[in-house]
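> Take a look at the following structure, please.
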Amino acid sequence: MYGKKNPIYSGLNMNFKNVILETRINYDIRTEDHMEYDRIVPPDWLLVNGEISISQFKELFEDQDILFSEGNVVWGTIIQANNKLFSPGSYDHPAVILYSLNERIDSNPKLIKKVARDLFSLKGEQTDQDLQEFSDRLKSERAYKWKVPIPPRISNNIQCFYTTSLIVRKHLPNGYLYSNLFPYLVCPEKTKVGTILPSRYWSERFLKKYW
């Protein structure tokens with residue numbers, strides 16, 4: 094589930110609110126050349142006769158212009174990811190992400206990491222009705238869905254969302270999931286989809302310390 098290190102519990106002196114603010118500023122001043130490079134291209138395994146074969150991912154490619162032009166940057170963390178994403182490789186693969194729009198998370202993203210761990214612990218288990226959907230989806234590993242609200246009793250009353258995502262290797266600092274905390278791009282007013290913000294916009298000190 095997780096990468097090779099768990100950086101959020103080391104170096105607690107980092108001011109995560111300043112980091113996410115710096116990242117947002119970097120993204121706000123992006124250039125047209127950057128925007129063209131940032132575009133997400135469907136991997137070959139997702140195409141059948143030139144068409145996207147999984148409808149949930151089709152939504153990502155249809156809405157990516159909205160996402161990249163009007164999106165907001167928040168903290169995201171991994172709940173579960175394709176094992177191939179934890180090492181260098183050629184293809185992009187799916188993952189399940191947890192993120193929150195709550196401003197409290199700007200300065201304390203470890204709160205959503207705890208929710209992610211608690212959700213992952215439900216995988217394949219028989220549980221209460223409001224949590225069974227998450228257990229079943231995590232077990233299936235192919236039950237893709239965007240932006241599912243997390244029940245308050247497991248999110249500690251912080252509004253969080255469980256979402257499918259396509260991890261785009263060119264957007265990661267090393268081309269793979271070395272860490273499990275990252276800036277995540279969403280546009281909740283206009284689309285359910287999201288993506289890891291390309292690392293070219295991340296705060297430099299966050300990159301050096303955690304990736």
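Residues 94 to 304, numbered by this note's numbering, are exactly what the sequence shown covers, in order. C-beta: ideal position from N, C-alpha, C; glycine also. All figures in this text were calculated on a predicted structure; none of them were measured in a lab.
Say whether the stretch 193 to 201 touches the stretch 175 to 183, bearing in mind that this needs 3 or more beta-carbon pairs closer than 8 Å, one atom from each stretch.
No: the two stretches stay apart, fewer than three of their Cβ pairs being nearer than 8 Å.
> For residue 102, count neighbouring Cβ atoms within 10 angstroms of its own Cβ and tell me buried if that reaches 16, exposed if not.
For residue 102, the predicted model reports a pLDDT of 41, less than 50, meaning its position is unreliable and no value from the coordinates is stated.
> Starting from the Cα of residue 186, find the closest Cα among 239, 107, 293, 262 and give me that residue.
262
> Can you say whether residue 283 is buried or exposed, counting buried as having 16 or more other CB atoms within 10 angstroms of its CB?
exposed
> Just the Cα atoms here: how many angstroms apart are residue 295 and residue 280?
18 Å
> How far does the alpha helix (DSSP H) with residue 209 in it extend, from its first residue to its last?
203 to 213
> Please report the straight-line C-alpha distance between residue 210 and residue 268, rounded to a whole angstrom.
24 Å
> Nearest by alpha-carbon distance to residue 172: which of 129, 245, 230, 126 is it?
230
> For residue 38, which residues in the same chain have their Cβ closer than 8 Å to its Cβ, ignoring the five residues on either side in sequence?
Here the chain has residues from 94 to 304 only, and residue 38 is not among them.
> Does the stretch 189 to 196 touch the stretch 249 to 256, meaning 3 or more C-beta pairs lie closer than 8 Å?
Under the 8 Å Cβ criterion, the stretch 249 to 256 counts as touching the stretch 189 to 196, having at least three qualifying pairs.
> Considering only residues of the stretch 144 to 219, which uninterrupted alpha helix (DSSP H) runs meet the minimum length of 4 residues and lie entirely inside it, listed in chain order?
148 to 163, 197 to 200, 203 to 213
> Could you check which residue in 235, 115, 234 has the C-alpha nearest to that of residue 165?
115
> List the residues that DSSP assigns as beta-bridge partners of residue 257.
189
> If you draw a straight line from the alpha carbon of residue 134 to that of residue 264, how long is it in whole angstroms?
12 Å
> Identify the continuous beta strand (DSSP E) that holds residue 281 and give its terminal residues.
Element bounds for residue 281: n/a, residue is neither H nor E.
> Does the distance from the C-beta atom of residue 212 to that of residue 247 stay below 8 Å?
yes
> Just to confirm, are residue 289 and residue 275 a CB contact at a threshold of 8 Å?
Pairing residue 289 with residue 275 gives a Cβ-Cβ distance under 8 Å.
> If we count the other Cβ atoms within 10 Å of its Cβ and call it buried at 16 or more, is residue 104 buried or exposed?
Note on residue 104: pLDDT 45, under 50, position unreliable in the model; the coordinate value appears next. Residue 104 comes out exposed.
> What's the gap between the Cα of residue 238 and the Cα of residue 301?
32 Å
> Would you identify the three-state DSSP class for residue 290, choosing helix, strand or coil?
coil
> Does the beta-carbon distance from residue 154 to residue 147 come in below 8 Å?
In this structure, residue 154 sits away from residue 147, with a CB-CB distance that is not shorter than 8 Å.
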